[in-house]
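Sequential numbering from 1 applies to the sequence shown in UniProt numbering. Note that beta-carbon positions come from the ideal geometry of N, C-alpha and C, so glycine has one too. Notes for the one structure printed next.
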Amino acid sequence: MGLFKSRLSHPPAPPLFNPTSPQPTTSLLPLPPPLPPPPTLSSAPPIPNDASVVDPNDPLQIAIFYHELNVLEVATYYFSVAAARGHPVGLFMYAMSMRHGWGCGKDEEGAVRLLQKAAETAVMDLNQELDTTQHHHLAPSPTTTPISPTSPLQQQQQQQLAFPSGPLKTIATAELTLAIYELAMSFKQGWGVPKSKTTSTYYMTIAAQLGDVDAQQELGECYLRGDGVKRDKKMAAKWFREAERQGAHMVSMQWIWKEKYDPEPKT
Numbered sequence: 001m002g003l004f005k006s007r008l009s010h011p012p013a014p015p016l017f018n019p020t021s022p023q024p025t026t027s028l029l030p031l032p033p034p035l036p037p038p039p040t041l042s043s044a045p046p047i048p049n050d051a052s053v054v055d056p057n058d059p060l061q062i063a064i065f066y067h068e069l070n071v072l073e074v075a076t077y078y079f080s081v082a083a084a085r086g087h088p089v090g091l092f093m094y095a096m097s098m099r100h101g102w103g104c105g106k107d108e109e110g111a112v113r114l115l116q117k118a119a120e121t122a123v124m125d126l127n128q129e130l131d132t133t134q135h136h137h138l139a140p141s142p143t144t145t146p147i148s149p150t151s152p153l154q155q156q157q158q159q160q161l162a163f164p165s166g167p168l169k170t171i172a173t174a175e176l177t178l179a180i181y182e183l184a185m186s187f188k189q190g191w192g193v194p195k196s197k198t199t200s201t202y203y204m205t206i207a208a209q210l211g212d213v214d215a216q217q218e219l220g221e222c223y224l225r226g227d228g229v230k231r232d233k234k235m236a237a238k239w240f241r242e243a244e245r246q247g248a249h250m251v252s253m254q255w256i257w258k259e260k261y262d263p264e265p266k267t
């Protein structure tokens, strides 16, 4: 399916939770149990003998191998095993499988819960590196805090997140960004949760601040149209500029570089 070569997000239920109601910031979402082995497992193509291609002890690598072969039932089984072990990418891919019904029953509410857990787990991974670099910890995952103007993460909509440098940071930030972007799309499209432009934009802002080009473009459009946020052409230009700096192809968008849309000089 080429899923690992392109961006995910497509289709499609009753509310999972009320994003405006108080939720505990200290409780962690449980890891999902793995799926039972599917009947097709015994007849699936064997994985390569070369451990440098697919590690037979890594369920995530095995899942990706079968996913690329379009053996979705087996792939999703191994994604569920990786998810049960707390791997953020395993959680993310298991969520995508549940959202779209790839090799399992479609469950959009369950998919949102898995995306929440993926984001939460990625934040925990980042905080492990923060411990070793003596940076301040990240705020709790946005998926376990109230989505309201008083949320601790509201401040992150006004400034860039300060992450440490290092290989774990790169991996965990990518995992976190994927999960948060898809949470934004879940609220935008109503996949497993009630549609909410405001909540979608909230998550999209965090993903954009984490450097996701798609989120930056999407957020620029939100500010340009006043979709989920107050219409603000200067803010739209800011996020379009960020996306273009990262290589996004912007058609007929020369206006974003006009001087009147430059940020205010810092005092």
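HIS67 and PRO48 have their C-alpha atoms some 14 Å from each other. ARG99 carries a helical assignment under DSSP once its states are collapsed to helix, strand and coil.
Assigned with DSSP and collapsed to three states, ALA51 falls in coil, not helix or strand.
Taking every protein chain shown into account, the CB of GLU264 has fewer than 16 other CB atoms within 10 angstroms, so this residue is exposed.
GLU109 is a Cβ neighbour of GLY192, given a cutoff of 8 Å. It is roughly 31 Å from the alpha-carbon of VAL74 to the alpha-carbon of ALA207. Shown here for SER200: same chain residues with a beta carbon closer than 7 Å to its own, the five before and five after excluded, namely ALA184, PHE187, LYS188 and GLY228 in chain order.
DSSP places MET93 in the helix class (H, G or I) of the three-state scheme. Straight across, the Cα-Cα distance linking VAL213 with GLY247 is about 8 Å.
For LYS195, the three-state secondary structure derived from DSSP is coil. Scanning GLY226, ARG225, ALA179 and THR40 for the CA closest to the CA of LEU210 turns up ALA179.
Only exposed fits VAL53, as fewer than 16 other CB atoms lie within 10 angstroms of its CB. Distances from the alpha-carbon of TYR261 to those of ASP58, ARG113, TYR78 and ARG241 put ARG241 closest.
Around the beta carbon of VAL71, a 10 Å sphere encloses 16 or more other beta carbons of the protein chains shown; the residue is thus reported as buried. GLY86 has its alpha-carbon roughly 12 Å from the corresponding atom of MET93. The alpha-carbon of PRO56 is positioned some 26 Å away from that of GLY105.
If you ignore the 5 residues before and after LYS234, its C-beta comes within less than 6 Å of the C-beta of TYR261, all in its own chain and listed in chain order. When only Cα atoms are considered, PRO37 and PHE65 end up about 16 Å apart. Cβ contact annotation for VAL81 (same chain, cutoff 7 Å, sequence separation greater than five): PRO34 and PRO59, in chain order.
According to the DSSP assignment, ASP214 belongs to the alpha helix (DSSP H) that extends over 213–225.
Spatial neighbours of PRO88 in its own chain (CB-CB distance under 6 Å, excluding positions within 5 residues in sequence) are listed in chain order as ALA118, THR121, ALA122 and GLU175. PRO32 sits away from ALA63, with the two beta carbons spaced by 8 Å or more.
Per DSSP, GLU244 is one residue of the alpha helix (DSSP H) stretching across 233–245. DSSP places ALA208 in the helix class (H, G or I) of the three-state scheme.
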